[in-house]
Amino acid sequence: LIRSLLGPFLPSLLNPVAHAVLRGVAPDDQAAYSSTTSFKCKDGIGNIPAQAINDDFCDCTDGSDEPGTGACAGHDHTLFHCANEGATPKLIYASRVDDGVCDCCDGTDEAGLSARRRKASCPNSCVEEGEQEAETREAALWLHREGLAKKAELVASIAKDQTRWNEELKALLAELPGLQAAAATAKAAEANNGTCDDVRAEVATLNATVAGLRDEVHRLRARLATLEGKPSDMQGADGAAGKDSVVSEYAKWMDGADSTLGKTEAKSGHSSAVVEDPSEDEEGSSDHLEEDDEDEDPGPIRDVSSMSSRAGSSLAATKAKNGQSSAVLEAEKKVRDNKDATKKLQKRLNHLEDEQHLSFASLYGKCISKVDVEYTYKLCFFTEAKQDHVLLGRWKDWTGPKEALFTDGQACYSGPDRSLRVIFECGTEAEVLDIGEPSRCSYEAHVKHPGACTEEDIALLERPPVKHPKDEL
9 LIRSLLGPFL PSLLNPVAHA VLRGVAPDDQ AAYSSTTSFK CKDGIGNIPA QAINDDFCDC
69 TDGSDEPGTG ACAGHDHTLF HCANEGATPK LIYASRVDDG VCDCCDGTDE AGLSARRRKA
129 SCPNSCVEEG EQEAETREAA LWLHREGLAK KAELVASIAK DQTRWNEELK ALLAELPGLQ
189 AAAATAKAAE ANNGTCDDVR AEVATLNATV AGLRDEVHRL RARLATLEGK PSDMQGADGA
249 AGKDSVVSEY AKWMDGADST LGKTEAKSGH SSAVVEDPSE DEEGSSDHLE EDDEDEDPGP
309 IRDVSSMSSR AGSSLAATKA KNGQSSAVLE AEKKVRDNKD ATKKLQKRLN HLEDEQHLSF
369 ASLYGKCISK VDVEYTYKLC FFTEAKQDHV LLGRWKDWTG PKEALFTDGQ ACYSGPDRSL
429 RVIFECGTEA EVLDIGEPSR CSYEAHVKHP GACTEEDIAL LERPPVKHPK DEL
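Residue numbers for the sequence shown follow my numbering, beginning at 9 and rising by one.
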């Protein structure tokens, strides 16, 4: 009905200058609509008369014949172009053309509606909008330029560190064989010295043991001689009484053995530093005592053998307890310190192999935090990320020029393991802007860092491209 009523007037209403500047068509695409006789649909399917362009009827299957109306709404390939002189050009979906809402600051998207309803016209606000955009762009340009300068400083500093670390790594690797050889030498020396020292200590222990046993024999002999040297008439008529007297005396001797032995030891005057044969003492003893000596000798010998075994065990235990000598421990510590330092340097240098993310190497060994209303987030790059004490993930890898991923975090209740996606934005310092959870157990953080500043971003700010509808998403 609209086409039948307004058909003869629509071309002049929607395109006052016939095809010179076609409404809704970008300047670079005007040539495709320059023919005055026919138009070939952009998908290559069908030709239509030139008068059918922007006639508010969708003739082409791709909607390319209606770039300036909303007749072909729903086609993502055909978008309405807002010139927006004085501001940034913009593309909008065909469904937003002539819908009563001013989407273009120059109001061209509602020109068709304004032709039918004069009160529905949109004022041109591109000058004001352009000024606001210019201020925003200038602030963004300053930030990017400062960030890019900071990035250059980081790269230069990292390059110096890389050179220094490579030199230190070479020095550590060259030093290691010498340290290992010194440790082996110290161990060998300790083994040789330790054997002699062990033998000397064992001999000293055995000497002390034998001397103690010898003194014990002397004390026992002296006591027996005292008991047997008493007159026979001291025994009563009743043999049992005499026997009881002897037994009683023996019991007393046993009860006071400590004090008696101490006095006897003082009389004996023997030294414990030399091992002597006990059978050479007390030559004047009776035959009975000599027989006793022969009976008693095997005892002390067995005790010495037993004590020798115990002494050896004691020495081994002491050595195990005390551990290695200070020289060996010091030598082994130097080897361990060398290997630890080598491992750390190699790990740092591995992060510098990726030139695309070289400037992000300044985050190595550092953590940045963000405190919100409920939680404290802590991102330790190249290691792990946490939400309070909950592990959000361990460093996985870079997934893009400005994106990284932490995975294998703590599992959600009846859900997947947590993970964190990090999106970097240009900034002069490392800073967490915000962290959210777009989907269950999948977190996303926006982080500022100089490494995200590029020359390409500055070029886009200096000459902003046409805005696309998807930029709003």
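The C-beta atom is built at its ideal place from N, Cα and C for all residues, glycine as well.
Next on the checklist: I need the straight-line Cα distance from Ala95 to Val398, nearest angstrom please.
Outcome noted: 47 Å
Next on the checklist: Is it buried or exposed, Glu118, if we count other Cβ atoms within 10 angstroms and call 16 or more buried?
Outcome noted: buried
Item to check | Which listed residue (Leu99, Asp425, Asp348) has its alpha carbon closest to that of Leu180 | outcome: Asp348
Checklist entry - DSSP three-state call for Glu363: helix, strand or coil? => result helix
Next on the checklist: Suppose the cutoff is 7 Å on Cβ atoms and the five residues either side in sequence are ignored; what does the same chain contact list for Asp70 look like?
Outcome noted: Cys49, Lys50, Asp51, His83, His85, Thr86
Next on the checklist: Quick check: the Cα distance between Glu452 and Cys388, rounded to an integer number of angstroms?
Outcome noted: 15 Å
Item to check | Neighbourhood of Arg344 by C-beta, 7 Å cutoff - its chain only, sequence neighbours within 5 removed | outcome: none
Checklist entry - Among Ala79, Gly108, Asp114, which residue has its Cα nearest to the Cα of Leu121? => result Gly108
Item to check | Beta carbon proximity, Pro57 to chain D, threshold 9 Å | outcome: You won't find chain D in this structure, because it holds only one protein chain.
Checklist entry - Quick one: complete beta strand (DSSP E) runs, 3+ long, within the region 336-363? => result none
Checklist entry - Using CA coordinates, which residue listed in Thr436, Lys378, Leu366 is at the minimum distance from Ile166? => result Leu366
Item to check | Sequence-distant residues of its chain with Cβ nearer than 6 Å to Phe432 (five each side left out) | outcome: Lys410, Val455, His457, Ala460
Checklist entry - For Asn346, which residues from the same chain have a beta carbon less than 7 Å from its beta carbon, with the 5 sequence-adjacent residues on both sides left out? => result Leu180, Glu183, Leu184, Leu187
Next on the checklist: Are the CB atoms of Ala219 and Val336 within a distance shorter than 9 Å?
Outcome noted: no
Next on the checklist: In the DSSP assignment, the alpha helix (DSSP H) including Ile466 goes from what residue to what residue?
Outcome noted: 463-470
Checklist entry - Starting from Gly52 and walking both ways along the alpha helix (DSSP H), at which residues does that stretch end? => result No alpha helix (DSSP H) holds Gly52; DSSP gives it neither H nor E.
Next on the checklist: Does Leu542 come out as helix, strand or coil in the three-state DSSP assignment?
Outcome noted: The displayed coordinates of the chain run from 9 to 481. Any statement about residue 542 would go beyond what the structure contains.
Checklist entry - How would you label Cys68, buried or exposed, when you count the other beta carbons within 10 angstroms and need 16 or more for buried? => result buried
Checklist entry - How many angstroms separate the CA atom of Cys130 from the CA atom of Asp106? => result 11 Å
Checklist entry - Can Gln170 and Leu371 be called in contact, C-beta distance under 9 Å? => result no
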